[in-house]
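The structure under discussion appears below in the form of C-alpha cells.
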Ligand code: MN
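In my numbering, the protein residues as written are -12 to 579.
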C-alpha cells in the first residue's frame, strides 16, 4: 500500500522535496496539506473531494507547489495529533505530538512534564524510581516529538511520556514560531464596542484590550488565574463578570472536568487593599499547586484594589516569582506621571480611570464587566455594571447609561439597591472563602435571587433601622451652615461582629442627615486607632487621600495609613496619636 505522510502543523514548503507523498484535503480547487501548504493538482486530474493522497511534482518556494493525484488505497504514516484533540476516548492509545516542554516537576514519585503545542497542554508523567528524575537530559524549554500513552485520572486526560526525540535547529525554530503564532491568534481580542458611550473608557481601551488578551493568553497556556477582589458589592460585581468569561473559556480549553477548579480561583480580600498577608497566601497556594500539579505560575487579577502605593509591597513580593499581575481598580492611585502610577512598573496590565483623566465614578465592577466582554463577547454583564455603580454610589453619564441597560433587563434603581444591599450583607458574613456557587446563584439565577432578597431584605432593613437609632442617639451633630457635621465614638456604637460594621454605620447616619436636612453632610466615626469618613460628594474640600498625605507630613510619629475614595474612606493611626489626629481631621473637615 502507498505510504502517505501527514504533515505536522508547523511544517512549511521547505520541509517537502519532489516525490514526497502526502495526505491532504481537497478544498476550493486546492489540496491543503496543512495551514501553511496548499497546491493545485496538475497531473492525473479527476473529480475528487475530502481526503486525498498526492505526490509533490513541482516545488517552487515560497508558495507554489504542484501535485499528482494518487489512486488507490493509502496508509498514513506517522500521524501526529494536536493536544487539543485528545478526548477520553483516546485513553489507552499511543499518540505522538510535537511540543515544547513547558515545565518539569519532580514529585516523590514520577517526574511531571507539562507539554504544550500551542493548542493546549497536557501533563505527561515518566517514572524512573521514587523521586528520581526521569529523562534527565530533557530540559524546560526543549522542543520534542513526544511518544505518549494517553491515560485518565478522575476524568482528566494525562499521559505517560514513553520516549521522545529532540527537534533540531530549523524544526525547533519552526515549532516555536508556530506555537507562538497559534497562541497569539487564539488570544486575539475582538475590538467590539463598549456597552455604553464613554470618552474615559475609549481612552482606557488599549489597557482593556491588553488586559483581555493577557487573560485569554493565560487560559490558552494553562496558566492558573486567581482573582483577588475587594470584599464589597463593587468588587464582587467586577470579579464575577470576569469569572463568567474566564470559566467559559477554561471549559472550552480543557476536556478536564476539574479544570474550572484547577485553573481558576477567586478570593475576597479582607482589607480594602492587596495586603501583604493576602499576597503571601496567594503565593503559598500557587507554589503548592505548581509543585503538586506541575501548573505554571499564576496570573493574579486584583479587582477594586491594587492601584495604590499601599499595594506595592504585596505586588512586588508576588513579582519575585514569574507571576503575571493585572490590576482593575478605580481608587486614586497616587501621583500620576505620564499616564503611569507608582505600581505600574510592576504590573503586566493596569486599568484605572484616573490614569486617563477619569475618576472613581467608573467603578471596578463596571470595568470588570466591560473587560469580561472582551474576553468572551457572549458574556452579558450590563446588570453587574449597573449594580456596581449603585453600590459604589457612582454618578455621571457612565453610571446612568448602565442603569438604562439594566432597566431593559428588568432591574430598576430600587431593585438594584436591594440587590446591592443583599450582596454586601452576604459578603460581610461569608468572610474570605471563595463561595463561587453562592454568588453565581444570587447574581445569575433570578428565581433564587428573588427568594434570597425576600428572605434577607426585612432582616437587613431591621438591622439598618436599629443601627440608625443608635447613631442618632449617640452622635454629636452640628449644623455648620453650608453642611451638617456629625461625629460619633463608633467603636462604642456597634456590636462587634454584627452587620452593619463601622464604616457602613457611619454611612447610614450620613445618608440620614442629608435626607433630613436637605443639605450636604459629613460624618466621622472615631475608633481608638482609626477614623471612618463619609461625606457628600459636593463637599469637595474633603478628600481622604489628600488628608492622609497631609497627616503623614504633619504627624510622622502617628504611623498614618488608610485610604479609600475621596469622600468615603478610613484613616488609620497608632492609638497614642488619637487625640491629635482626630482634632486635626475635624478641623480639616470643618474649615470648608
Ligand atoms: Mn469600588
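Cβ atoms here follow ideal geometry from the backbone N, Cα and C, with glycine treated the same way.
All values reported here derive from a predicted model rather than from experimental measurement.
Counted within 10 angstroms of its Cβ, other Cβ atoms place residue i as buried (16 or more) or exposed
| i | result |
| --- | --- |
| residue -12 | exposed |
| residue 536 | exposed |
| residue 574 | exposed |
| residue 20 | buried |
| residue 300 | exposed |
| residue 271 | exposed |
| residue 205 | buried |
| residue 117 | exposed |
| residue 515 | exposed |
| residue 48 | exposed |
| residue 164 | exposed |
Bridge partners - residue i, DSSP secondary structure assignment
| i | result |
| --- | --- |
| residue 253 | 214 |
| residue 85 | 132 |
| residue 104 | Residue 104 is not bridged to any residue. |
| residue 490 | Bridge partners of residue 490: none, in fact. |
| residue -8 | 9, 64 |
| residue 94 | Beta-bridge pairing links residue 94 to no other residue. |
| residue 555 | 521, 552 |
| residue 510 | 473, 521 |
| residue 296 | Per DSSP, none; premise fails for residue 296. |
| residue 26 | 18 |
| residue 420 | Note: residue 420 sits in no beta bridge, so no partner. |
| residue 443 | None, per the DSSP bridge assignment. |
| residue 287 | 213, 312 |
| residue 47 | 51 |
| residue 479 | None; residue 479 has no bridge partner. |
Under the three-state DSSP convention, the category residue i falls into
| i | result |
| --- | --- |
| residue 143 | strand |
| residue 13 | strand |
| residue 258 | coil |
| residue 209 | coil |
| residue 336 | strand |
| residue 472 | strand |
| residue 181 | coil |
| residue 150 | strand |
| residue 54 | strand |
| residue 33 | coil |
| residue 428 | helix |
| residue 306 | coil |
| residue 314 | strand |
| residue 501 | helix |
| residue 346 | coil |
| residue 38 | strand |
| residue 516 | coil |
| residue 385 | helix |
| residue 110 | strand |
| residue 463 | strand |
| residue 99 | strand |
| residue 126 | coil |
| residue 137 | strand |
| residue 577 | helix |
| residue 324 | strand |
Spatial neighbours of residue i in its chain, beta-carbon cut-off 6 Å, leaving aside the 5 residues before and after
| i | result |
| --- | --- |
| residue 329 | 296, 321 |
| residue 396 | 370 |
| residue 63 | -9, -7, 10 |
| residue 260 | 292, 297, 298 |
| residue 224 | 352, 371, 374, 375 |
| residue 196 | 176 |
| residue 209 | 108 |
| residue 194 | 338 |
| residue 66 | -7 |
| residue 368 | 228, 356, 359 |
| residue 555 | 521 |
Cutoff 8 Å; reference residue i; Cβ partners in own chain excluding five residues on either side
| i | result |
| --- | --- |
| residue 106 | 69, 70, 71, 72, 169 |
| residue 488 | 415, 481 |
| residue 30 | 44, 53, 54, 55, 56 |
| residue 541 | 571 |
| residue 151 | 122, 125, 131, 132, 133, 134 |
| residue 236 | 203, 206, 362, 363 |
| residue 127 | 88, 89, 90, 91 |
Sequence-distant residues of the same chain with beta carbon closer than 7 Å to residue i, five excluded per side
| i | result |
| --- | --- |
| residue 82 | 68, 135, 137 |
| residue 214 | 226, 229, 230, 253, 288, 290 |
| residue 525 | 507 |
| residue 534 | 558, 572, 575 |
| residue 101 | 89, 90, 108, 110, 281 |
| residue 341 | 319, 320, 323 |
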